[in-house]
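Participant:
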Ligand SMILES: [Fe+2]
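Residue numbers (this note's numbering): 420 to 734.
1) At what residue ranges does the region 570-601 contain a whole run of the beta strand (DSSP E), taking only runs of 3 or more?
2) Which partner residues of residue 687 appear in the DSSP bridge assignment?
3) Can you list, in chain order, the stretches of the alpha helix (DSSP H) that have 4 or more residues and sit fully within the region 604-684?
4) Measure how close the beta-carbons of residue 689 and residue 542 come, nearest whole angstrom, since I'm counting them as under 8 Å.
5) Cα-Cα, which of 656, 722, 687 is closest to residue 482?
6) What's the C-alpha gap between residue 561 and residue 433?
7) With a cut-off of 8 Å, do at least 3 Cβ pairs link the region 597-614 to the region 625-632?
8) So is the beta-carbon of residue 532 under 8 Å away from any non-hydrogen atom of ligand 1?
9) Under 9 Å between the Cβ atoms of residue 454 and residue 710?
10) So residue 668 packs on residue 566, CB below 8 Å; how close in whole Å?
11) Suppose you measure from the CA of residue 726 to the CA of residue 583; what does that come to, to the nearest Å?
12) Using the Cα positions of residue 608 and residue 532, report the straight-line distance between them to the nearest angstrom.
13) Does the distance from the CB of residue 457 to the CB of residue 469 come in under 9 Å?
14) Terminal residues of the continuous beta strand (DSSP E) containing residue 435?
15) Does the distance between the C-beta of residue 528 and the nearest non-hydrogen atom of ligand 1 fall short of 8 Å?
16) Mind checking whether the beta-carbon of residue 625 lies closer than 8 Å to any heavy atom of ligand 1?
17) With a threshold of 16 other CB atoms inside 10 Å of the CB of residue 729, please say whether the residue is buried or exposed.
18) At a threshold of 8 Å, does residue 504 count as lining ligand 1 (C-beta to nearest heavy atom)?
19) I'd like the list of long-range same chain contacts for residue 741, defined as Cβ closer than 8 Å, with 5 residues on each side in sequence excluded.
20) Kindly examine ligand 1 and report whether one of its heavy atoms sits closer than 8 Å to the Cβ of residue 694.
21) Given this structure, state the Cα-to-Cα distance separating residue 459 from residue 438, to the nearest angstrom.
22) Mapping the DSSP letters down to three states, classify residue 450 as helix, strand or coil.
23) Using a 10 Å radius around the Cβ and a threshold of 16 neighbouring Cβ atoms, would you call residue 732 buried or exposed?
24) Using a Cβ distance threshold of 8 Å, determine whether the region 698-712 contacts the region 511-530, with at least three qualifying pairs required.
25) In its own chain, which residues sit with a C-beta less than 7 Å from the C-beta of residue 596, not counting the 5 before and 5 after it?
In structure tokens form, the structure reads like this:
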């Protein structure tokens, strides 16, 4: 083995860098186990010095599960690689978000984890940047194990056994809980608008606490984007409780922001990490590719809504 493993940062309790992993090493059972265990332990891996090519990205994803086409969007995909999803921002058609300071960003996304509006959540993904402009375009990560550990005991006890309710929301500036820096959606991606028209996704429920199966560590299983309430709880009480979780769930002092450099791939555990896209200047082009590593953490389901929450959705 020629690759090396080190911590992403001495300040962080999550994240590793794997340097110089060779494509020929990926098939080695010992290497595969070591990488899988590292992913479970650290939640986030930056691969540096491994050729960031489509076939390598897919082969590497297969170490951690089964990469499949993205289940929701009609992503255009690179010929011959259906397991790769293209994630473009084009100035003429992408999401543009405007902020309080007057800045306009393309492809900005608030803190979230992927597919949270479905009962089954993918286990992870590997992302790489093919084209990105100078300045902007960072991808942020927050560890939900850290977020849970930071909760006061009283909040830990209150959320134990509760299920949050989530509904797909294509407008990334519409959040019921927390602040999004005054973000206003100036233009919705033409594809998102189409998805919105076609889809009727029923609300789903996910436990506010998830226990990592391999380690027993508890994590704060909460994404402010998409959240609308708590099963079996009055709306006002649920609103207050979820709002109280936001500062812990999205504590940016504990975040890592990945500034993309040349030949890199980034793997994250979607059952553990929140992520966000800082966005690019609205007049610049960006192209990423990602895999979707499937899986089911087994605790999501369709939600049972109270009449009060149903009214909220119909409003
Ligand atoms: Fe995402």
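For glycine and all other residues, C-beta sits at the position ideal for the given N, C-alpha and C.
None of these values were measured; they are calculated from a predicted model.
Facilitator: Quick answer:
1) 582-585
2) 463, 544
3) 609-617, 654-668
4) 6 Å
5) Taking only the C-alpha atoms, the option nearest residue 482 is 687.
6) 9 Å
7) no
8) yes
9) no
10) 5 Å
11) The alpha-carbon atoms of residue 726 and residue 583 are separated by roughly 16 Å.
12) The C-alpha of residue 608 lies about 19 Å from the C-alpha of residue 532.
13) no
14) 435-438
15) yes
16) no
17) exposed
18) no
19) Look at the range of the chain in this structure, 420 to 734, and you will see that residue 741 is not part of it.
20) yes
21) 18 Å
22) If DSSP states are grouped into helix, strand and coil, residue 450 belongs with the helices.
23) exposed
24) yes
25) Sequence-distant partners of residue 596 (beyond 5 residues in either direction) whose C-beta falls short of 7 Å from its own C-beta, in its chain, are 643, 646, 661, 662, 665.
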